[in-house]
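Protein chains in written order, with my numbering: chain H, -1 to 142; chain A, 68 to 620.
Beta carbons are placed, not taken as given, at the ideal position from N, Cα and C, and that holds for glycine.
Below you can see the structure in the form of structure tokens.
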């Protein structure tokens, strides 16, 4: 179905079987949140990360949608989550190019999940050969 | 001039290697054309009507002799021996082969140049006043700001896949030569009441099919807050800009649909967070950038006092040379608009002449202007006769800067896949019909700008006379707008009425200019001033004929 990739290469999906995955809006409908099981929140592209801030310490993973590789909103959502203080896992799910992987890691995304079809066209070594060198922005803002 | 740090050099070299890999993956099929497209665009490579086109960045229009010479080498090695200077202060090569492009990019990297972000839906090459660092009216050189923005915007991980392209321009003079109000972000360097340096920030300007003059979103932004504020504008735009319709995706539409006040509030909110989190820009980097723009050691010889007797030289000085901040110097504009030529096209031989002249007479500096000319920014007035003589031998001494034949034209249907009409031949014919330079000087300052489609790359909306070439049922049809202005008094031109056929448009422009000569109060009243005094009507009468309209009514 999907292939999960992190900065080491192709990895098994380690999200536990008993993990609970809720859509972003569910947090607002008063639904009971799991107490013992890990919690993942699935964003839609219009979600405002600030609205998740009260639950940051309860959320283990945020799943950001990447509809097409031309849609860069997920990069802003991830960076906002990090800037607001979210420290859990961020997974980018959908259509992400090898050539967007470095940017994804730099805005705070930990892993991407792509279709098996894309994983066949873009085998593991292409992802592993992505340069992880620092960018201009890291240098300019020494404090960030 | 700013020279690459090791970081810059490594970065550009890595990008070339990366693009080489992308080209290989495209050729072996592991990248689809759809996936390859944004990657090649971000490296300046377009697919045009007949071939690929490579757009090379000339950040803020500044380059040195060695760089210009390398452009000449690229033009004759991998292209047809010429390049085209664009309205974005860049240079385009119209005939590269895909497999050669990585080698061209390596050749550019050898002289500290690249084609990064000259296209695609990202923050484009930043532009600035082409007289920066030389103009007599300048408050502050805008290029350190432009260079800081270049570094910040290059490969920004958050803003590489925006709803649409994003253009930033900076001016350090009250006389806006950088058309800042027609950019997604325009920055004007100002001082506040306490005399502290900062920026007036304008957003939402743009030409294209929905021309809009930018609006002031911040009267005064302290200099130190610039990048945090740009981050805020870009984040709001990236998340809120429309992605459902590419014709409504520019920030100007977001400003228009959201309202300036609401958008300003959202920007300020993100800004306060960015300001807190980003901290200050590394002072070491700022100091290194500033050092790159320290003025040259000026030649203190006084300017010659003897009158210029040579008529050709005198009109060249009158028309193509303007005041420099050092009174013994002049800023020399070299027209890349020879009578009957293609606006902005220069041969390799001409580029080498310009490189030589820059090295010998202009403190090794050249500028590309958005009006598609090349500037020698720092020429001592005693050297102007020698510069003029060499330009003449190279066919580069046309004394028509700012006159009727100094026309901006997009490539049009001769090159561009989007064009709906030819623009270059129209520019050539207008230029030929006013070939007499004395007559041009009598007509005075006049900006004619021609676009070959509604996307307005020729900036016709801000031409005193704007010409827009369209396709009406398979036939080229040219609409005229009057009264446009790209300066600090920016105005979108008004349409005169029905368009003209290909063979009617040049006579129509001639009628407009004849009408102006009849209507003006004297030679000191320029075309735009006459238009502003009298409005559209007398020019409409000249275009369409009063009697015919009476008959129709």
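- Here the C-alpha atom of residue 351 of chain A lies approximately 43 Å from the C-alpha atom of residue 276 of chain A.
- The Cβ atoms of residue 588 of chain A and residue 599 of chain A lie no closer than 9 Å to each other.
- Between residue 225 of chain A and chain H, the shortest Cβ-Cβ separation is below 9 Å.
- Per DSSP, reduced to three states, the secondary structure at residue 282 of chain A is strand.
- For the region 96 to 123 of chain H, the residues whose beta carbon sits under 7 Å from a beta carbon of chain A are, in order, 97, 101, 104, 105, 119 and 120.
- Annotation: the continuous beta strand (DSSP E) that includes residue 444 of chain A extends over 441 to 447.
- Residue 384 of chain A sits away from residue 391 of chain A, with the two beta carbons spaced by 9 Å or more.
- Taken through DSSP and simplified to helix, strand or coil, residue 92 of chain A comes out as helix.
- With contact defined as three or more Cβ pairs closer than 8 Å, the region 370 to 384 of chain A and the region 115 to 127 of chain A are not in contact.
- A Cβ-Cβ distance of about 23 Å is found for the pair residue 458 of chain A and residue 513 of chain A, leaving them out of contact under the 8 Å criterion.
- In the three-state reduction of the DSSP assignment, residue 87 of chain A falls in the helix class, which pools H, G and I.
- When DSSP reads this structure, residue 272 of chain A sits in no beta bridge, so it has no partner.
- Interface with chain A (9 Å Cβ-Cβ cutoff): residue 133 of chain H is included.
- Between residue 1 of chain H and residue 16 of chain H, the C-beta spacing is not below 9 Å.
- Contact check for residue 297 of chain A against residue 403 of chain A fails: the beta carbons are separated by 9 Å or more.
- Under the Cβ criterion of 9 Å, residue 85 of chain A is counted among the residues facing chain H.
- Residue 256 of chain A has A:266 as its beta-bridge partners, per DSSP.
- When C-beta distances to chain A are compared with 8 Å, the residues of the region 58 to 78 of chain H below that value are 67, 68, 69, 70, 71, 73, 74, 75, 77 and 78, in chain order.
- With a minimum length of 4 residues, the unbroken runs of alpha helix (DSSP H) contained wholly in the region 471 to 550 of chain A fall at 491 to 500 and 504 to 510.
- What residue 22 of chain H touches in chain A, judged by beta-carbon distance under 8 Å, is nothing: the nearest beta carbon there is about 15 Å away.
- Its chain contains 54 as the residues whose beta carbon lies nearer than 6 Å to that of residue 84 of chain H, once the 5 sequence neighbours on both sides are disregarded; these appear in chain order.
- Annotation: residue 271 of chain A to residue 505 of chain A spans about 40 Å, alpha carbon to alpha carbon.
- Where residue 412 of chain A is concerned, the enclosing beta strand (DSSP E) starts and stops at 412 to 414.
- Taking C-beta separations shorter than 8 Å and ignoring five residues to either side along the sequence, the partners of residue 258 of chain A in its chain run 206, 264 and 265, following chain order.
- At the C-beta level, residue 201 of chain A and residue 445 of chain A come within 9 Å of one another.
- Taking 9 Å as the cut-off, the beta carbon of residue 249 of chain A is found no closer than this to the beta carbon of residue 238 of chain A.
- Contact annotation: residue 363 of chain A and residue 426 of chain A have beta-carbon atoms that are not nearer than 9 Å.
- The beta carbon of residue 212 of chain A sits no closer than 9 Å to any beta carbon of chain H.
- The Cβ-Cβ distance between residue 355 of chain A and residue 395 of chain A does not fall below 9 Å.
- Relative to the Cα of residue 572 of chain A, the nearest Cα in the group A:585, A:136 and A:546 belongs to A:546.
- Residue contact check for residue 137 of chain H against chain A: a CB pair falls below 9 Å.
- Taking C-beta atoms as the reference points, residue 47 of chain H and residue 75 of chain H count as a pair closer than 9 Å.
- Using a CB distance below 8 Å, the part of the region 289 to 319 of chain A facing chain H consists of 294, 302, 305, 306 and 310, ordered along the chain.
- Counting along the chain, the unbroken beta strand (DSSP E) around residue 19 of chain H starts and ends at 18 to 21.
- At least one C-beta of chain A is nearer than 9 Å to the C-beta of residue 81 of chain H.
- Listed by position along chain H, the residues whose Cβ is nearer than 8 Å to that of residue 229 of chain A are 70.
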